[in-house]
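If you read the sequence shown in the working numbering, its first letter stands for residue 2, the second for the next number, and so on.
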Amino acid sequence: MQRRTFIKQTSILTALASTQTLASNKPTAKFPFVISTWKNEKANEAAWASLQKTGRALDAVEAGARIPEADPNDTSVGYGGFPDRDGNVTLDACIMDEKGNAGSVTFLQNIMHPISVARAVMEKTPHVMLSGEGALQFALSQGFKKENLLTDVAKKAWEEWKKTSKYEPKINIERHDTIGLLALGTKGEISGACTTSGLAFKMHGRVGDSPVIGAAVFCDDEVGGACATGLGEFVLKTLGSFLIVELMRNGKTPQQACEEAIMRIVKRYNYKEFQIGYLALNKNGEYGAYAIQSGFNYTITENGVTKVIESKYYMK
Numbered sequence: 002m003q004r005r006t007f008i009k010q011t012s013i014l015t016a017l018a019s020t021q022t023l024a025s026n027k028p029t030a031k032f033p034f035v036i037s038t039w040k041n042e043k044a045n046e047a048a049w050a051s052l053q054k055t056g057r058a059l060d061a062v063e064a065g066a067r068i069p070e071a072d073p074n075d076t077s078v079g080y081g082g083f084p085d086r087d088g089n090v091t092l093d094a095c096i097m098d099e100k101g102n103a104g105s106v107t108f109l110q111n112i113m114h115p116i117s118v119a120r121a122v123m124e125k126t127p128h129v130m131l132s133g134e135g136a137l138q139f140a141l142s143q144g145f146k147k148e149n150l151l152t153d154v155a156k157k158a159w160e161e162w163k164k165t166s167k168y169e170p171k172i173n174i175e176r177h178d179t180i181g182l183l184a185l186g187t188k189g190e191i192s193g194a195c196t197t198s199g200l201a202f203k204m205h206g207r208v209g210d211s212p213v214i215g216a217a218v219f220c221d222d223e224v225g226g227a228c229a230t231g232l233g234e235f236v237l238k239t240l241g242s243f244l245i246v247e248l249m250r251n252g253k254t255p256q257q258a259c260e261e262a263i264m265r266i267v268k269r270y271n272y273k274e275f276q277i278g279y280l281a282l283n284k285n286g287e288y289g290a291y292a293i294q295s296g297f298n299y300t301i302t303e304n305g306v307t308k309v310i311e312s313k314y315y316m317k
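This is how it looks when you write it as structure tokens:
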């Protein structure tokens with residue numbers, strides 16, 4: 002063998018070995034698969050159970066989101082969520098399937114499961130988003146029941162807050178926040194969902210990123226999906242989930258895309274006073290997570306096993 006040929010072949014083999022090493026370091030899952038923001042084992046388990054029944058990612062993310070929505074001990078999602086500064090629990094949610102269909106509700110009150118209302122908007126109306134009284138009227142027309150979502154614990158916290166009325170969003174409050182979910186179905190299709198009661202003691206009428214397609218959630222079945230949690234104003238200002246999917250479309254891994262989306266925030270804003278966390282999942286089953294600050298974790302379920310993982314973060 003000529004020396005030049007030997008060197009060339011050796012270089013090729015070295016490059017292949019390096020590529021394989023890099024690939025092996027990427028968190029990779031086989032479908033079906035579920036990933037959600039924060040420590041949401043029960044939500045993931047419900048999503049996984051749904052996948053065993055229907056196999057469809059859309060059903061899974063809805064089923065998962067419904068768990069914290071009905072949990073009175075969850076102060077940042079649904080029933081039990083802390084109210085706005087006027088004492089009203091207002092809810093936002095969105096859902097998106099693998100075909101690009103999407104549904105959303107904003108400023109919805111007195112309905113236990115806004116994620117299911119969002120799905121109904123997607124499937125039963127010509128619209129993407131319904132808000133406020135209109136969203137409530139639609140929910141009632143679809144058979145959803147009007148309920149009081151302000152628990153005694155949340156009411157007491159609100160009354161205590163009114164003594165100073167100081168609005169100060171808490172970073173990683175109880176290591177929990179808005180839940181965003183992504184799932185790959187048994188056919189490998191992707192869907193996503195997000196649901197929240199929003200920031201505690203926010204201005205009446207405030208809507209964050211959670212019901213906005215492209216901000217809180219975005220899915221493209223050719224590429225993958227992304228979801229967000231944290232202070233929604235900054236996800237909105239950078240359309241984080243859409244950005245992440247487009248970065249993956251252009252060759253970034255899910256981890257690289259999440260990191261770049263965080264950098265878009267830290268380069269422009271005073272990021273030290275708030276938290277944003279992103280999750281991404283591509284069609285190859287590779288996933289990534291990144292946050293501004295420490296403390297963000299996420300939950301994955303594969304092969305029926307659920308575990309919580311600490312996210313990497315920017316601010317050391």
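Using N, Cα and C, we set each Cβ at its ideal position, and we do this for glycine too. Everything numeric in this text was worked out from a predicted model, so none of it was measured.
About 12 Å separates the beta carbon of Gly233 from that of Ser198, a gap too long to meet the 8 Å contact definition.
Judged by DSSP secondary structure, Thr302 falls within the beta strand (DSSP E) whose first and last residues are Asn298 to Glu303. Burial state of Glu70 is buried, judged by a 10 Å Cβ sphere holding 16 or more other Cβ atoms. For Asp153, the secondary structure class from DSSP, reduced to helix, strand or coil, is helix.
In this structure, Asp85 is the residue among Ala121, Trp49 and Asp85 with its C-alpha nearest to the C-alpha of Lys167. CA-CA distance, Lys31 to Leu52, rounds to 13 Å. Residue pairing by DSSP places Met130 opposite Ser105 in a beta bridge.
Spatial neighbours of Asn74 in its own chain (CB-CB distance under 7 Å, excluding positions within 5 residues in sequence) are listed in chain order as Gly81. Residue burial annotation: Glu274 is exposed, with fewer than 16 other C-beta atoms found within 10 angstroms of its C-beta. The three-state reading of DSSP puts Met123 in helix, counting H, G and I together. DSSP places Asp75 outside both helix and strand once states are collapsed to three, so it counts as coil.
Membership of Leu244 in any beta strand (DSSP E) is not indicated; the residue belongs instead to the alpha helix (DSSP H) covering Gly241 to Arg250. CA-CA distance, Val246 to Gly289, rounds to 12 Å.
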